Each structure stands twice: as C-alpha cells, then as structure tokens.
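Enquirer: For the sequence shown, the residue numbers in my numbering are 612 to 1240.
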Amino acid sequence: MINTVFFGREPMRETPFAPLPTGAIMPKGWLSDRMQLMVDGTTGHIHEVFPDLSDDNAWLGGEGESWERGPYWLDGALPLAFMTNDEELMTRCIRYVEHALGSQREDGFFGPSGNEDWWPRTVMCKALMQYYSATGDKRVLSFMLKYYHYMYVNLEEKPFYDWAKARAGEALVTVIWLYSVTGYKFLLLLSKMISEQTLNWSGNFTAFPYTTDLKKSLPFEDLKKSTDPTRANYHYTHVVNNAMALKYPALFYNALSSNRDLDAMHAGFDRLMEHHGLAVGIFSGDEHLSGASPSAGVETCAVVEAMYSFENLLQFTGEAKYGDRLETLAFGALGAPMDPKCVLHQYLQQPNQIRCDIAKRAWYNNNDDSNIFGIEPNYGCCTANLHQGLPKYAQSLWMASKRGLVCQSYAPASVSWHIDNEPVRIEVEGNYPYDEKIRLIVKTRKPIKFALDLRIPAWAEGAVFTLDGESVSPKVGEYHTIERMWSGQTVIDLTLPMNIRVNKHYRQSVSVSAGALVFAMPIKEKWVKIKGNYPVDEFEVKPDDHWGYALILDEPMELIKTNQDYVFKKQSPVKLRCKAALIDWNEKQNSADVPPVLPKVNEDDIVDIELIPYGETTLRITQFPVGRR
C-alpha cells in the first residue's frame, strides 16, 4: 500500500480527516467472519451465479453487460480482497483492473466501446483509486489524469445526461482525490464543470418539495409522462440517487466553497428523515421516496450508498454525527436483506416485514418479487452493488488526522500506520457493537508523540475510559483527543454504555435501541424454495407465529448478554427483553398495515417478548404501536 494520506490541496479546502490506504486496516473477530462470508458467498463467486458478471462481461473484454455492473462489483470486491488476502478474489479483481487500464484509447477514453456513458466510468475510477492506495501502482495516476483530461476537453460537447447527470457528483470523489495527489490545475476547472452539470442537489435539499409519499403526490404513471429531458423529478425522488447525493453538497463545498452547499449539506438527511425516515436509520424508497410507513421498502443499493456518503462526510466535515449514522446502517440495514450465508439478498427490505413472497404490495413502482431472497430479485443493480457496504465500512474504521489517528468506529480490527516515519500499530479488541467494553492497544517501537481522536457516540451517556490508571469521562457526540508521548504498549479500556432508548416514529409508533443497535422482534419463519438450484435459487419466507404486538412502555426493559459467540443471522450475543401484548393488527396488501395508534390492551394479554439486533432478523416488527392499558 502507499505510505501517505491526502487532506486536500489549495485552493480546495483541507479535509479534517483522510482515509487510510486500503490494507492499513485489517478486520478481526466478528467483522473478519462476516467479510469471509462475503468471500465464500456471492461476492467471491459472482461470476458463477450471475451471468451479467461472468467472464463474458464487457469490462473483461467480453460481449456481455457493459454498463455499471462490472465497476459496481469491483468497487466492493477489490477492498474485500485486500482486507481478507483472498488470492482467488484478488486475481479476479486484478483482471478487471488490468482490462480497464489496457482499454484506454489514445485520447484518454476507456472501457467498453459499445457504451460511452460517463456514469459507469465514474464507478470504475472509484475502484481504481482504491487499487492505487493498496498497491501504489503509478499507472493508475497517469491513466486517470489522461481520462479526466478527456472529460475536461469533451464535457461541454458531451454533457452528463440522465443517470450520469443525477450522479455526476460521484466523480468529484476521485477528481478531488486526484488533484490532492497530483496538483494538476485542469482538475480544478473540471471540478467546477462537474458541479455545474450535476443536478442541483443542494437546491433540492434546501427547498425539498417531496414531503409526502410519492404514491399520493406523484403517481408513477404521471412521473413517467414527464417531458423534462433531465428527468429531474425522477432522479430527485429516486432513493439511491438521494443516498449518493447526501455527500454532494460537502464535495461541492470542498471544491467551490459555496455557502449554499454548506447549508444543504446539513439539510439533506434531516429533510429526508423528517418526511420519509424509518427506524432503521434511512429513508424509504421502493423505488422512489415512499413516506414514513414502516411497511415501506428500502432498496439495498440505497443502504450501501448512504453508508459511503456518511464515510465521505466524516472525512470532509469531521462531524462525529456521521459516524453514528454510519454505524446504525452498518449494524442493521446492511445485514437485514442478506441470507445467513451472504449468498441471497432482497432488493427491498421492510422495517416491519411479516412475509417475503411474490405478492402485490404497496410499492411505488417495484415488482412483486422485490422482497423475496434470490440472486437477482426485481433488478440486478443490488446484486452488483451490495458488496461495497461492509468492506468500505471496515476501511473507514480509522482515519488519519494532521496530528495522528482517528477512531471512527470500534469494530474489532488491527491498524498499521507510520507517523513521522515511525510504525504505529493499534489493536481493537472486544465485540463492539454487541458489547460495551472495548480495549485499544497502542504499540510503538520508539517513543513518539501524536494525537489519538476517539469518536464518542451521541447515545453513549456515561462513557468512560481508563488510561494509565486514570478514569476519564469524555463528552458524547464529539471526538475526545488523547495527545501524548506513546511508548511501547499502551492500553485504553473504553466503555460505551448500551443504554436502552425508545424512539418515536410514524403514527406514534416506537422502536427500541441500545448502543449502536436498533432492535426488532424476530418472527418465527419458514423458508420455502420457489425455483432454482442452490446457490442460484429463490426463496419466499413465511411467518410461522403471531406478529401483531404492542409494546408496554411503563414496564422495564432488560438488555441480556447471551454469552454466545456471534454468528451472523444464527446466534446473537445480545438480546433485549420487554413487555408487549398481542393486539388486532391486520395485514394490508400483503404487508403489515400501518401501526395502530395507542391500541387498548388487556392486562391478561401482556407477555414477555425478546428483541434482537435488526440486522440479525429476516421477518420482524421494528416499529411497534404503544399499548394503552
């Protein structure tokens, strides 16, 4: 891997933090196990189960799919390969890299000749950026300079259109990075051109006219009739575009220093969650913004793209709140649409998901198979794109600051880096987020002074750490800086209390959280094969128990450590016990109806129920009505 990081270059703004190179962070514990599941599952074997990413893919020189799916897969599989040291996956990733590098024309353009869209090349450049950070291969720099010069010369005559226009801000990720590395001035002008040609996401987030479920305000048939050549309403309401665009105002602000963008950066997520927010930490979209009902769908692509946006926002703003938002998704909505072997997935997940089957639901415009488990339910974009979620989260556990290192999330991992040319290694031990106890072991060969910034989540009231026998209570929702001379081995024992919280939502429904985890009531399930042979098969999941419960909030809740090892979707090391009562709560269009408002419950119907982390569930209730005695 390369031995430097990039905080920006004038006249662009300096970023508070910088990502460490791919390979500086290596997962351990449950995180390593989950990433190995991906290697053994669809990510590592996608060419065997998904025809669009077979050896015939056009990004490998074949005659097959030539748009976004090859770059999408590589963007997640490449960091996964480097962080697991899997030789077979690495070999396949490098085939894509070498073919991309070898496909460049004399004028700088590259990729499949049958597709001249800017968009898939934007994704491929993000993957190549990671490849450079992992290998230091200087061919990547000359390749990207040549390509972006081609874009600079041709963008006025060949402007972004349709998806590329909606998502052009993604190109700024690599253009800003490339300018930081090389200092080529034309990249400054290109940044401005890209910003001007991207849909006006800053204006959209500031004004935000899409305040209702689109089924009510803009039916899909009307949306399709629009004569606007930019398809602005389509793209401004598309859930994945919104997830990507969360970071665009920060990128624009970094490149252009516009206060309008600074205001929009704070407004975007807040407006989306106010009108379309769900308990799982993201806004609905099945496929477009669909209101705040917990039976609305959330596209898997939106989850991984929102995570990537929060990772960028941590880097570009240095605001701790984006770490809280990232963790909510990483520990919940990222795992929920996967099967236990990380082979099959859902296109859409629902916070209140009482069955997964081919049936008519109140989706905005998705198909009837959108929430079943398969290789390609509804549409194949998620099949290609879901792989980036966990590896990029792992890459973002730690970042560099001008003064040292920054811990953004405490999942078990080891970090190896050089500060002032001296090697520093940090081991993160524990079972976070499933346990509140974390141990950081800082190792240096020689005495060296640097700062260690620890992100203290906003929910961690009562947080405390011990260092050299002294106990310190850091402020929550901020970074706590430890600046000192580090020598030999130093141990920091950190406790982030998993306080139980009840959160209010749509129609007076509530969800329950503890620490970084959103909890849900699992519904006993029965998997029914629809068609296919493993691993290319499809399953419906049917409920095999009652699900219509109201929570009783005036009874105590208890967090229970099970003393079991974590096994994804099979064994949770933490549960939450609470009181609830079975009520009349019906289905509507094959989903749970909206939660009843303050239903009356009988004292004799009150029972104990157990909740588990949302990401470990398949069928579940996450947003409950509140029972009234």
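Heads up, the beta-carbon is just placed ideally off N, CA and C, and yes, glycines get one too.
Here the structure is a predicted model, which means the values were calculated and not measured.
#1: How should H691 be labelled, buried or exposed, when 16 other C-beta atoms within 10 angstroms of its C-beta is the threshold for buried?
#2: Would you mind stating whether V1026 and I613 have Cβ atoms separated by less than 7 angstroms?
#3: So L700 and A738 are in contact, right, with Cβ under 8 angstroms, and what is the actual spacing, rounded?
#4: Measure the alpha-carbon distance for P1224 versus P1044 and round it to whole angstroms.
#5: So, helix, strand or coil for C953, using DSSP?
#6: Do D686 and G675 have their C-beta atoms closer together than 7 angstroms?
#7: Consider the Cβ of G888: report whether some Cβ of chain C lies at a distance smaller than 7 angstroms.
#8: Between I1111 and A1125, is the Cβ-Cβ spacing less than 7 angstroms?
#9: Flag this pair as touching only if the region 769-778 and the region 713-733 have three or more C-beta atom pairs under 8 angstroms; answer yes or no.
#10: Write down every uninterrupted run of the beta strand (DSSP E) in the region 740-799 whose length is 3 residues or greater and which is fully enclosed by it, in chain order.
#11: What are the boundary residues of the beta strand (DSSP E) that includes K1057?
#12: Tell me which same chain residues have a C-beta within less than 8 angstroms of the C-beta of Q1234, skipping the five on either side of it?
#13: On the three-state DSSP scale, how would you describe K990?
#14: Give a yes or no on whether the C-beta atoms belonging to A1203 and I965 are separated by under 7 angstroms.
#15: From which residue to which residue does the beta strand (DSSP E) around V1076 run?
#16: L1078 and I1052: beta carbons closer than 7 angstroms?
#17: Could you check what DSSP says for D1219 in three-state terms: helix, strand or coil?
#18: Are the region 807-819 and the region 877-885 in contact at 8 angstroms, needing three or more beta carbon pairs?
#19: Quick one, which of P627, F661, M649 and P1108 has its alpha-carbon nearest G985's?
#20: Relative to the C-alpha of W974, which candidate in N996, T1229, G908 and N1197 has its C-alpha closest?
#21: Does E922 pass the burial test, meaning 16 or more other C-beta atoms within 10 Å, or should it be called exposed?
#22: DSSP on Q1100, reduced to helix/strand/coil?
#23: Taking the beta carbon of Y845 as the centre, do at least 16 other beta carbons fall within 10 Å, making it buried, or is it exposed?
#24: Does the region 616-633 come within contact of the region 862-869, defined as at least 3 CB pairs closer than 8 angstroms?
#25: If you draw a straight line from the C-alpha of E1047 to the C-alpha of K803, how long is it?
#26: Please determine, among E910, I1037 and E930, the residue with the shortest C-alpha to C-alpha distance to S981.
#27: So, with DSSP's three-state summary, where would you put P1002?
Expert: Inspection of the coordinates gives the following:
#1: The question names His, yet the displayed sequence has Leu at residue 691. Burial call: buried.
#2: No Cβ-Cβ contact shorter than 7 angstroms links V1026 with I613.
#3: Incorrect: roughly 14 angstroms between the Cβ atoms, too far for contact.
#4: 10 angstroms
#5: coil
#6: no
#7: Here chain C cannot be found, since the structure has a single protein chain.
#8: yes
#9: yes
#10: none
#11: Counting along the chain, K1057 sits inside the beta strand (DSSP E) bounded by residues K1048 to I1067.
#12: L889, A890, P905, P962, N963, H1116, Y1117, S1120, V1121, S1122 and P1206
#13: With the sequence shown as reference, residue 990 is identified as Tyr, and Lys is not the correct amino acid for it. The answer is coil: DSSP assigns Y990 none of H, G, I, E or B.
#14: Closer than 7 angstroms, so yes.
#15: According to the sequence as given, residue 1076 is Phe; it is not Val. F1076 -> beta strand (DSSP E) spans V1075 to L1078.
#16: no
#17: Residue state for D1219 is assigned as strand, using DSSP reduced to three classes.
#18: Enough Cβ pairs lie closer than 8 angstroms, so yes.
#19: Closest option to G985, Cα to Cα, is F661.
#20: G908
#21: E922 counts as buried, since at least 16 other C-beta atoms from the protein chains shown sit within 10 angstroms of its C-beta.
#22: strand
#23: buried
#24: yes
#25: So the alpha carbons of these two residues sit roughly 45 angstroms apart.
#26: Out of E910, I1037 and E930, E910 has the C-alpha closest to the C-alpha of S981.
#27: helix
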